[in-house]
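So the mapping is simple: the numbering used here equals the position in the sequence shown, first residue as 1, plus 181.
Quick reminder that beta carbons are idealized off the backbone N, C-alpha and C, glycines included.
Heads up: the structure comes next, in structure tokens.
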Amino acid sequence: MLKAIFQKKWVIITFIITFITLLFSIFNTFSVFALTLKEAKKIALENNYELKAVKAALETSNWDVKKSIWSVLPSATASGSYSYYTPSIPSTFLLQNKRNSISASITVTQPIYNGGKGIIGIKTSKESATMSRYNLQMQILNTIYQTEEKYMAVLENKRLLDISIKDLELSKENLSSAEIKFSSGTISKAELLNFQSQVSSKEVSYIQAKNRYELAILDLANFLSLNPNNLGEIEDLDLATIKLYKKIIEKADIKELETIVKKAVDIGLKNNPTILIAESNVKIQNLSLAVAKQAFLPSINLSFTNSWDKDNTDNNYSYQGIITLSGSVPLFPIINNYDNLKKNQEMLNQSKNSYEATKNNIILSIKNSLYNFIAAARSIDSSQKSLSYIEESYRQTKVRFDQNLISSSDLLNAEILLNNARIQYTDSLYNFMRNKSVCMNVLGITDENKFFSIFNIKDE
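See below:
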């Protein structure tokens, strides 16, 4: 009886454990998702800690703008006091002594003229907030660029891993053919060893390719703050974008190249956050110089004070209103103000020179990235043709080897050439996309249609 009860309980426990395991399995299945580049960018923009820090800095700058506006408005202060006298103060004219007193006052102060420091302060804080927005724009661009770079690294290493697998399988097939030929006495032992060595070398290459692919996944997952086990399949890039390389080659001829470069430079100078920050810095230094000049001018303030007083001998509060117009003129040490003025003049010159240097560097970067992008487009065309020729050459070489018309070294060399051509073609595809990301980052844009409009074509 007890044995039957125990067996029944054990069956129930086993069923519960199996059911829970099944639930976890289903949960893990649904938690794994296919990641697209668009989703990866969205996740990166939501989870990137550096981006969050820049957003917080922007909020601080916005509050500084409000603070600077409040500084030019009237300021008001209220004060009050209660005094108790021990011993009480004798009163000559009254029968009772003065034991306590109560006083209160309200003062309102309005700056009339302070050399424009208030207005300049508002302009400076607004320009600082603008600079913070440019910093945010820069961080967004960098986050998108890094996401694309890491995402493409995963895809490229995945394709290289597939190439490594194909190459290993091909080497094994050739080794099998070589073993048959060795058995029939067609090839020597040394030639067979070359085929075996080739397979061993390809196995090492496969292990290395797999390791690089797994590291690329870890790098992307870490950047996105995700569990690498939940990434699932990484969706490949849209081939429609890559296929635009032919149109780019057609458009980027000698006649139109100058127009394309001019369009790109115009877009970059308007959108690149680095040069916009340098421009804002010049404006801020101009405002700082204006403040330094105002230090030599007088300041005028108007204040109005209402005060009320009462002690225990009074039935009503006594009231008094005071209007004060005050002015001040800086006299000594005037050398400090002059020193501050000269420093701000030099800082302004420094910021202007820095702006011009930044502008020249940005223009050079735009041209370099654009030329590299066009060269990458041409590389796709060349590497694709090369791969096609080498594939056909390998097929013919394999047939001739099977017919004992060529040596084993010819087949092994053809095999190496085929693998290198596949790698070169893959590298050209992703190099094209990487250069596109670099161009868009330098131009300060995120819209691909706007980028391809430089070439008068659309990303279909």
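Item                                                                                                                   : Value
Residue 329 burial status per 10 Å Cβ neighbour count (16 or more: buried)                                             : buried
Distance CB(residue 535)-CB(residue 459) smaller than 8 Å                                                              : yes
Residues near residue 341 by beta carbon distance below 8 Å, same chain, minus five either side                        : 390, 393, 394, 604, 607
CA-to-CA distance, residue 635 to residue 204, given in whole angstroms                                                : At residue 204 the pLDDT is 48, less than 50, meaning the model places this residue with poor confidence; the figure from the coordinates comes in the next sentence. Between residue 204 and residue 635, the C-alpha separation is close to 53 Å.
Same chain, Cβ closer than 6 Å to residue 209, neighbours up to 5 away in sequence not counted                         : Bear in mind that the predicted position of residue 209 carries a pLDDT of just 45, short of 50, making it too unreliable to give a figure here.
Own chain, CB closer than 8 Å to residue 286, minus 5 neighbours either side, in chain order                           : 259, 260, 261, 486, 487, 488, 489
Cβ neighbours of residue 356 in the same chain (closer than 7 Å, five flanking residues each side left out)            : 376, 377, 380
Distance, residue 503 Cα to residue 319 Cα                                                                             : 54 Å
The beta strand (DSSP E) enclosing residue 485, as first and last residue numbers                                      : 480-492
Rounded C-alpha distance that separates residue 211 from residue 408                                                   : Bear in mind that the predicted position of residue 211 carries a pLDDT of just 41, short of 50, making it too unreliable to give a figure here.
Secondary structure of residue 281, DSSP reduced to three states                                                       : strand
Alpha carbon of residue 373 to alpha carbon of residue 625, nearest angstrom                                           : 57 Å
Those runs of the beta strand (DSSP E) which lie wholly inside the segment 568-625 and span at least 3 residues        : none
Euclidean distance between Cα positions of residue 183 and residue 403                                                 : Unreliable positioning characterises residue 183 in this predicted model, as indicated by a pLDDT of 45, which lies under 50. The coordinate reading is nonetheless provided below. So the alpha carbons of these two residues sit roughly 55 Å apart.
Identified DSSP bridge partners for residue 299                                                                        : DSSP, once it has assigned bridges, lists no residue as partnering residue 299.
Spatial neighbours of residue 450 in its chain, beta-carbon cut-off 8 Å, leaving aside the 5 residues before and after : 456, 540, 543, 544
For residue 242 and residue 302, believed in contact at Cβ under 8 Å, the rounded distance                             : Wrong, their Cβ atoms sit about 14 Å apart, outside the cutoff.
For residue 295 and residue 475, the rounded distance between their alpha carbons                                      : 8 Å
Residue burial classification, residue 477 (beta-carbon count within 10 angstroms, cutoff 16)                          : exposed
Identity of the residue in 360, 550, 424, 401 nearest residue 229 by Cα                                                : 401
C-alpha gap between residue 291 and residue 297, whole angstroms                                                       : 14 Å
In DSSP terms, what residue 508 is bridged to                                                                          : 481
First and last residue of the uninterrupted alpha helix (DSSP H) at residue 630                                        : 629-633
Cβ distance (whole Å) where residue 307 is taken to contact residue 246 below 8 Å                                      : 6 Å
CB-CB length for residue 637 against residue 432, believed under 8 Å                                                   : 6 Å
Cα-Cα separation between residue 369 and residue 602, rounded to whole angstroms                                       : 29 Å
Where the alpha helix (DSSP H) through residue 254 begins and ends                                                     : Where residue 254 is concerned, there is no enclosing alpha helix (DSSP H), given that its DSSP letter is neither H nor E.
Coil, strand or helix - residue 216 by DSSP                                                                            : strand
Neighbour-count burial assignment, residue 255, 16 or more Cβ in a 10 Å radius                                         : exposed
Coil, strand or helix - residue 294 by DSSP                                                                            : strand
Top-ranked residue by Cα proximity to residue 468, from 423, 515, 526, 508                                             : 526
Burial state of residue 501, where buried means 16 or more other Cβ atoms lie within 10 Å                              : exposed
Enclosing alpha helix (DSSP H) for residue 372 [first to last residue]                                                 : 370-405
Proximity winner among 232, 617, 472, relative to residue 529 (alpha-carbon distances)                                 : 472
Where the alpha helix (DSSP H) through residue 416 begins and ends                                                     : Residue 416 -> no alpha helix (DSSP H), and no H or E assigned at all.
Length of the line joining the Cα atoms of residue 566 and residue 305                                                 : 58 Å
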